[in-house]
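Student: Protein chains in written order, with this note's numbering: chain V, 38 to 172; chain B, 38 to 172; chain W, 38 to 172; chain S, 38 to 172. Input: one structure, supplied below.
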């Protein structure tokens with residue numbers, strides 16, 4: 038595994054909430070990041086779908102990763118906006134983020150979240166937000 | 038406890054992810070909802086603060102509650118936007134939502150999320166979103 | 038008229054686009070701002086309502102004003118989100134903004150835009166955004 | 038010129054505010070739309086840049102166009118979020134939108150707005166929003 042992905046995984050392992058959710062960093066390079074989360078029972082809402090809060094966690098976290106990939110590791114998600122388009126009920130979700138604009142102290146990033154069932158991907162949410170350098 | 042709050046709590050208890058997080062519905066009336074979440078170890082990120090994904094979960098869920106309080110129980114969060122303004126590191130967070138506009142099929146709602154330490158509240162995030170009636 | 042409002046009006050008069058639209062600054066104090074725009078023919082869309090772009094201009098500008106009222110005059114709107122809830126078709130619209138959070142370099146602000154017909158106000162849009170200090 | 042673009046231009050010509058701004062529809066097909074706006078004096082703010090309200094108008098309108106291209110002509114922008122990343126000070130701006138998700142009654146769409154100077158494009162804003170079918 039490459040060094041950057043390895044480093045990103047260590048950060049994820051140091052986030053107790055990400056461990057609780059079972060998130061896995063499956064891609065991390067300058068300007069892109071990918072997070073994978075299993076659609077397991079403890080993460081669902083009352084109708085059997087993945088809870089929207091898990092999807093928003095995925096967006097929040099993958100946006101921070103991609104922001105960190107271009108701004109350096111000390112970053113914070115300042116804000117984001119998410120549109121949910123389909124409930125997630127597959128095997129897992131995958132959130133893929135890219136940096137749309139990189140400035141000195143902030144990056145504007147986007148991510149798409151896909152529900153994956155039998156290796157078929159369907160968009161379930163899309164988000165856009167601002168990542169800021171700390172300090 | 039009043040009937041509406043009791044009903045709201047049953048819905049929350051039926052959401053495995055809300056149980057995992059330890060969320061508690063502390064207010065639920067027509068046009069308002071309040072959710073409380075302990076700042077416990079498993080919900081943190083790598084610097085010891087509450088993970089942003091927990092705050093976004095709180096926003097997502099309390100917005101859906103307040104939307105449901107005015108539109109009826111079968112609702113879905115279509116989208117929301119959240120601004121994080123301070124890391125949460127107190128005893129618990131409380132998310133309070135109100136309906137700003139109620140139409141036939143959708144409600145535009147807002148919430149403020151406060152970090153509470155020794156009973157002192159500090160704003161940690163604010164969100165605005167759209168809740169839609171299902172079907 | 039007080040000094041701060043007078044100063045704010047001079048800035049507005051120096052914005053050719055605000056002059057073109059016919060915007061008027063009707064309130065400006067530390068932490069609040071109010072902008073008024075006539076619902077005139079040249080500002081409409083094809084169905085006779087005020088164009089959504091005029092409403093978004095109002096949000097963008099009044100958010101920058103309230104941000105400037107707490108951060109100092111050299112500010113920029115970094116981002117905002119707007120929900121339209123009713124078409125504007127009255128006599129004028131009024132956009133009122135407040136600062137929800139003020140940090141060293143940024144403020145998170147909100148505004149409500151009302152359609153006013155025969156002195157009766159109806160909410161037509163609501164917005165939330167980030168204003169940043171320049172430089 | 039193709040029929041769809043011609044129809045789109047007639048709608049734009051019927052919007053007095055778009056005429057006032059001098060917007061031109063330069064692309065319109067199922068799932069995509071492009072709007073061009075000259076950076077002229079009357080559209081500026083006090084520092085000589087294009088007013089942010091013009092950029093938000095461009096986003097609002099091009100998102101409605103692309104939504105209409107997939108949902109039918111009777112649509113309304115329900116909400117959008119915009120991040121400004123650079124002031125526009127070139128010859129014109131161009132806003133390009135695509136539909137990210139198309140449902141029965143709503144579409145989630147995105148647009149990028151570029152500042153164009155001597156035929157060189159620089160991103161100046163990016164937006165994401167929801168377009169709804171009317172009625």
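Think of the CB as a built atom: it goes at the ideal place given N, C-alpha and C, for glycine as much as any other residue.
Please check the pair residue 62 of chain S and residue 49 of chain S, which I expect to be a contact at CB under 8 Å, by giving their CB distance rounded to whole angstroms.
Tutor: In the fourth chain, counting from the first residue as 1, residue 62 of chain S sits at position 25. In the fourth chain, counting from the first residue as 1, residue 49 of chain S sits at position 12. Sure, about 5 Å apart at Cβ, within 8 Å.
Student: Listed from N- to C-terminal order along the chain, which residues in the segment 104–123 of chain S have their beta-carbon within a distance smaller than 9 Å of any beta-carbon of chain W?
Tutor: 113, 114, 115, 116, 117, 118, 119, 120, 121, 122
Student: With respect to the alpha helix (DSSP H) encompassing residue 80 of chain V, which residues constitute its N-terminal and C-terminal limits?
Tutor: Numbered from its first residue, the first chain carries residue 80 of chain V at position 43. Counting along the chain, residue 80 of chain V falls outside any alpha helix (DSSP H), and DSSP gives it neither H nor E.
Student: Between which two residues does the beta strand (DSSP E) holding residue 86 of chain S run?
Tutor: Within the fourth chain, the letter at position 49 stands for residue 86 of chain S. Counting along the chain, residue 86 of chain S falls outside any beta strand (DSSP E), and DSSP gives it neither H nor E.
Student: What does the alpha-carbon distance come out to for the pair residue 163 of chain V and residue 137 of chain V?
Tutor: Residue 163 of chain V sits at position 126 when you count from the first residue of the first chain. Residue 137 of chain V sits at position 100 when you count from the first residue of the first chain. Going from the Cα of residue 163 of chain V to the Cα of residue 137 of chain V covers about 14 Å.
Student: Of all the options B:134, B:165, B:120, which has the alpha carbon lying nearest to the alpha carbon of residue 145 of chain W?
Tutor: Here the question's residue 145 of chain W lines up with position 108 in the third chain. Here the closest residue by C-alpha is B:120.
Student: Of all the alpha helix (DSSP H) runs that stay within the bounds of the segment 50–129 of chain W, which reach a length of 4 or more residues?
Tutor: 53–58, 89–108
Student: Would you please state the rounded distance, in angstroms, between the beta carbons of residue 72 of chain B and residue 101 of chain B? I believe it to be under 8 Å.
Tutor: Residue mapping note: residue 72 of chain B aligns to position 35 of the second chain, counting from 1. Residue mapping note: residue 101 of chain B aligns to position 64 of the second chain, counting from 1. Not really, about 10 Å apart at Cβ, beyond 8 Å.
Student: Kindly list, in the order they appear in chain B, the residues whose Cβ is closer than 7 Å to that of residue 98 of chain V.
Tutor: Position 61 of the first chain, counted from the start, is the residue given in the question as residue 98 of chain V. Within chain B, the residues near residue 98 of chain V are 90.
Student: State whether the segment 108–127 of chain W contacts the segment 140–157 of chain W, with contact taken as three or more CB pairs (one from each stretch) at a distance under 8 Å.
Tutor: yes
Student: Leaving out the 5 sequence neighbours to the left and right, which residues in its chain are closer than 6 Å to residue 99 of chain S when beta-carbon positions are compared?
Tutor: As a position in the fourth chain, residue 99 of chain S is number 62, starting the count at 1. Excluding residues up to 5 positions away in sequence, 70, 72, 132, 134, 148 lie with their Cβ nearer than 6 Å to the Cβ of residue 99 of chain S in the same chain.
Student: Just how far apart, CA to CA, sit residue 83 of chain S and residue 167 of chain W?
Tutor: The residue you call residue 83 of chain S lines up with position 46 of the fourth chain. The residue you call residue 167 of chain W lines up with position 130 of the third chain. Going by the C-alpha atoms only, they are around 20 Å apart.
Student: Assuming residue 56 of chain S and residue 150 of chain S make a contact with CB atoms under 8 Å, what is their CB distance in whole Å?
Tutor: Position 19 of the fourth chain, counted from the first residue, corresponds to residue 56 of chain S. Position 113 of the fourth chain, counted from the first residue, corresponds to residue 150 of chain S. No, residue 56 of chain S and residue 150 of chain S are not in contact; Cβ-Cβ is about 20 Å, not under 8 Å.
Student: Alpha carbon to alpha carbon, how far is residue 59 of chain V from residue 43 of chain V? Give it in angstroms, no decimals.
Tutor: Taking the first residue of the first chain as position 1, residue 43 of chain V is located at position 6. Taking the first residue of the first chain as position 1, residue 59 of chain V is located at position 22. Roughly 17 Å separates the two Cα atoms.
Student: Going by DSSP, what residues sit across from residue 158 of chain V in a beta bridge?
Tutor: Residue numbering aside, residue 158 of chain V sits at position 121 when the first chain is read from its first letter. DSSP output for residue 158 of chain V lists V:153 as bridge partner(s).
Student: Could you check the C-alpha separation between residue 172 of chain S and residue 108 of chain S for me, to the nearest Å?
Tutor: As a position in the fourth chain, residue 172 of chain S is number 135, starting the count at 1. As a position in the fourth chain, residue 108 of chain S is number 71, starting the count at 1. Distance between the alpha carbons of residue 172 of chain S and residue 108 of chain S: 12 Å.
Student: So the candidates are S:106, S:87, S:77, S:76; which of them puts its Cα closest to the Cα of residue 142 of chain S?
Tutor: Against the fourth chain, residue 142 of chain S aligns to sequence position 105. Of the listed residues, the one whose Cα sits closest to residue 142 of chain S is S:106.
Student: Anyone know if the C-beta pair for residue 118 of chain V and residue 118 of chain B falls short of 8 Å?
Tutor: The count along the first chain starts at 1 and reaches residue 118 of chain V at position 81. The count along the second chain starts at 1 and reaches residue 118 of chain B at position 81. Yes, the pair counts as a contact, with Cβ atoms nearer than the cut-off.
Student: Does DSSP put residue 166 of chain S in a helix, a strand or coil?
Tutor: Counting from one through the fourth chain, the residue named residue 166 of chain S turns up at place 129. Three-state result, residue 166 of chain S: strand.
Student: Indicate whether at least one CB of chain V lies closer than 8 Å to the CB of residue 167 of chain W.
Tutor: As a first step, residue 167 of chain W must be located in the third chain, where it is residue number 130. Taking Cβ atoms only, chain V reaches closer than 8 Å to residue 167 of chain W, which makes this a yes.
Student: Could you check if residue 40 of chain W is buried or exposed, using at least 16 other CB atoms within 10 Å of its CB as the buried criterion?
Tutor: On the third chain, position 3 is the one that residue 40 of chain W refers to. By the 10 Å Cβ count, residue 40 of chain W comes out exposed.
Student: Are the C-beta atoms of residue 76 of chain V and some chain B residue less than 8 Å apart?
Tutor: Counting from one through the first chain, the residue named residue 76 of chain V turns up at place 39. Taking a beta-carbon distance threshold of 8 Å, residue 76 of chain V does not count as an interface residue toward chain B.
Student: Shorter than 8 Å from the beta carbon of residue 81 of chain S to some beta carbon of chain W?
Tutor: Here residue 81 of chain S corresponds to residue number 44 of the fourth chain, with the count starting at 1. True, the Cβ-Cβ gap to chain W drops below 8 Å.
Student: Please confirm whether residue 57 of chain V has its beta-carbon closer than 8 Å to some beta-carbon of chain B.
Tutor: Within the first chain, numbered from 1, the residue matching residue 57 of chain V stands at position 20. Interface residue, yes.
Student: Should residue 67 of chain V be flagged as near chain S, meaning a C-beta pair shorter than 8 Å?
Tutor: Taking the first residue of the first chain as 1, we reach residue 67 of chain V at position 30. By this cut-off, residue 67 of chain V is not an interface position.
Student: Kindly list, in the order they appear in chain B, the residues whose Cβ is closer than 7 Å to that of residue 54 of chain V.
Tutor: One-based indexing of the first chain puts residue 54 of chain V at position 17. Under the 7 Å cutoff, chain B gives 79, 80, 81, 82, 88, 90, 91.
Student: Answer yes or no: do residue 113 of chain W and residue 169 of chain W have a C-beta to C-beta separation smaller than 8 Å?
Tutor: If you number the third chain from 1, residue 113 of chain W lands on position 76. If you number the third chain from 1, residue 169 of chain W lands on position 132. In this structure, residue 169 of chain W lies closer than 8 Å to residue 113 of chain W by Cβ.
Student: Taking the alpha carbon of residue 165 of chain S as the reference point, which residue from S:110, S:97, S:45, S:159 has its own alpha carbon closest?
Tutor: Taking the first residue of the fourth chain as position 1, residue 165 of chain S is located at position 128. For the set S:110, S:97, S:45, S:159, the Cα lying nearest the Cα of residue 165 of chain S is the one of S:97.
Student: With a CB to CB cut of under 7 Å and the five nearest residues on each side skipped, what residues in its chain are close to residue 75 of chain S?
Tutor: What you label residue 75 of chain S is simply residue 38 of the fourth chain in a count that begins at 1. Here the set comprises 59, 129.
Student: According to the neighbour-count rule (16 or more other Cβ atoms, all chains shown, within 10 Å of its Cβ), is residue 85 of chain V buried or exposed?
Tutor: The sequence position of residue 85 of chain V within the first chain is 48, counting from 1. Looking at its Cβ environment, which holds fewer than 16 other Cβ atoms inside 10 Å, residue 85 of chain V is exposed.
Student: Thinking C-alpha only, which one of W:123, W:45, W:88 is nearest residue 66 of chain W?
Tutor: Here residue 66 of chain W corresponds to residue number 29 of the third chain, with the count starting at 1. Looking at the Cα atoms, W:45 is the closest of the given residues.
Student: Which residues in the same chain have their Cβ closer than 7 Å to the Cβ of residue 116 of chain B, if we skip the five residues on either side of it in sequence?
Tutor: Taking the first residue of the second chain as 1, we reach residue 116 of chain B at position 79. Around residue 116 of chain B: 166, 167.
Student: Counting only beta-carbon separations shorter than 8 Å, does residue 131 of chain W have a partner in chain S?
Tutor: Numbered from 1 along the third chain, position 94 holds the residue referred to as residue 131 of chain W. False, the Cβ-Cβ gap to chain S never drops below 8 Å.
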